[in-house]
Structure formats: structure tokens, C-alpha cells
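Numbering (my numbering), first residue to last: 14 to 207. Just so it is clear, CB atoms sit at the ideal spot from N, CA and C, and this is done for glycine as well. Note that the structure is predicted; figures quoted are calculated from it, not measured.
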Amino acid sequence: DGRRIAEDEEDLWEPPPRDDGMDIPGELVLARDKAATTVCYWPGQLLAYIPPTTRKQQAKYTIMWLDGTTQDIPRSWFYAMEDDGFAVCKLGQFTSEVMEDFLELSIREQFVYTKPILKAVLMHEYEPVYDRHRRFMNGGKQRESIVSEAGLRGKMDPKDVELLQTYIKEWCLREDLRIVEDSVLGEVAAGMFP
């Protein structure tokens, strides 16, 4: 009878769903290609979620590496942008011609690539930053913690930061280039995030 109960439980078992916050296909990740945790991480793009067929199996994700090869790996082998380890995992050495081309663009041209993401953040439609955006808009110590985390992403030349601030203001305010007081912005933001 014990074997029959185990078979009945197996029949009722359903595979776990994929991570909700991931864009599949298309999510960009940093992943390792081996089980060892001391190896380097490499850029890749998730192509598919492969649910387990039995309770004992692990779910896997099909990833396409920079060289175009693919591999099926478990969730514990990669970090998505919103994961804590994304900013601090050890990257392997690789040459990216796309990056070099991107860096040759002016700050204004680079900013164009960020507009869709910034718009989604402002419209509360970009899930990976919900919590960070809320903490920033709350101000005080919560904002300070977000600002201190920003250094983990890299450093910018102060001149480039100033240019970028100008472009963001132009884009956000468009033809109404005026400065709105912080208190008004705070009230608007508080209404966006109950």
C-alpha cells in the first residue's frame, strides 16, 4: 500500500513554475558553466525554461552564451540583474566588440538606449527595480542606502554625470524646462507607490 500512496503522490505532483520576474526568452544573465562555485561567470541570454519531469529532478534553463553555444543549467548557476550576486560575481575574461562600439558613442547617444527602461521605471512597469525605486522615493536612510549601492555598478566621470543629468531633465520635462520643488515631486511619487 505504501508504494501505491507514493505513486498517487507522484501523480498529483506538478512541476514548479519558472521565476516570474524573468523575461524568457531574452533575460540577460551572468552564469557559470560548471557546478563548482569558484568558477567565473559569463554573460548569457536565457532562451527557455525546462520544468522537471519528476519530483527529484531540478528545473533547468536553456542559456545561450556569447559564442552562440547553448547549455541547460539549473537556476542556482546564474544571476539575473535583480539578484544580489549579479553585481559582485567574478566575471571571466572576454572581448566584447559591442561594448567597445557602445563606449565610442557620445553620452547623449548612450542615453537613448536607456530611455525605454527609464520610462518603464517611471511608469512602475519595470519589476526588477520596484523595491529600489520605492526606497529611493521614500528618502532619508532608505535613499542613502540606494545611493551607496550605486557605486557597486561602476564609476562615471563627473562631467559625464553632469551631461547625463541635463539630458534626463530635458527628456523628462521636455519643453517645460523648469525645476519642480522636491516636495511636489515627493507627493507625486508617493501617489505612484502606495
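> Which of the three DSSP states, helix, strand or coil, is assigned to Pro207?
Replying inline: With a pLDDT of 47 at Pro207, under the threshold of 50, the predicted position of this residue should be treated as unreliable, and no value is reported.
> With distances taken between CB atoms, is the gap from Tyr54 to Lys103 smaller than 8 Å?
Replying inline: yes
> Candidates Leu177, Leu43 and Lys132: which alpha carbon is nearest Tyr92's?
Replying inline: Leu43
>> Using only CA atoms, which one of Leu41, Glu183, Gln70 and Tyr62 lies nearest to Pro56?
In response: Leu41
> Are the segment 68 to 88 and the segment 115 to 126 touching by the rule of at least three beta carbon pairs closer than 8 Å?
Replying inline: no
> Of the residues Lys172, Lys182, Gln70 and Ile63, which one's Cα is nearest the Cα of Asp85?
Replying inline: Ile63
> So what does Thr75 bridge to, in DSSP terms?
Replying inline: Ala61 and Asp85
>> Output needed for Glu95: all residues of its chain with C-beta closer than 7 Å, excluding positions within five of it in sequence on either side, in chain order.
In response: Gly34 and Pro141
> By how many angstroms is the C-alpha of Arg148 removed from the C-alpha of Glu27?
Replying inline: 36 Å
>> Rounded to the nearest angstrom, what separates Leu186 and Arg121 at their Cα positions?
In response: 16 Å
>> Between Arg31, Asp144 and Ala100, which has its C-alpha nearest Ala72's C-alpha?
In response: Arg31
> Shortest alpha-carbon distance to Ala48 belongs to which of Tyr139, Asp173, Pro87 and Val160?
Replying inline: Pro87
>> Please return the same chain residues whose Cβ sits closer than 7 Å to the Cβ of Val134, not counting the five positions on each side in sequence.
In response: Val142 and His146
> Among all the DSSP beta bridges, which residues are the ones paired with Tyr92?
Replying inline: Leu43
> Where does the unbroken alpha helix (DSSP H) through Ser158 begin, and where does it stop?
Replying inline: Gly153 to Ala163
>> Taking only three categories from DSSP, how would you classify Tyr54?
In response: strand
> Which of helix, strand or coil does DSSP assign to Leu104?
Replying inline: strand
> Under the three-state reduction of DSSP, which class applies to Tyr180: helix, strand or coil?
Replying inline: helix
> How should Leu118 be labelled, buried or exposed, when 16 other C-beta atoms within 10 angstroms of its C-beta is the threshold for buried?
Replying inline: exposed
> DSSP state of Met169, grouped into three classes?
Replying inline: coil
> Are Leu59 and Pro29 close, meaning C-beta to C-beta below 8 Å?
Replying inline: no
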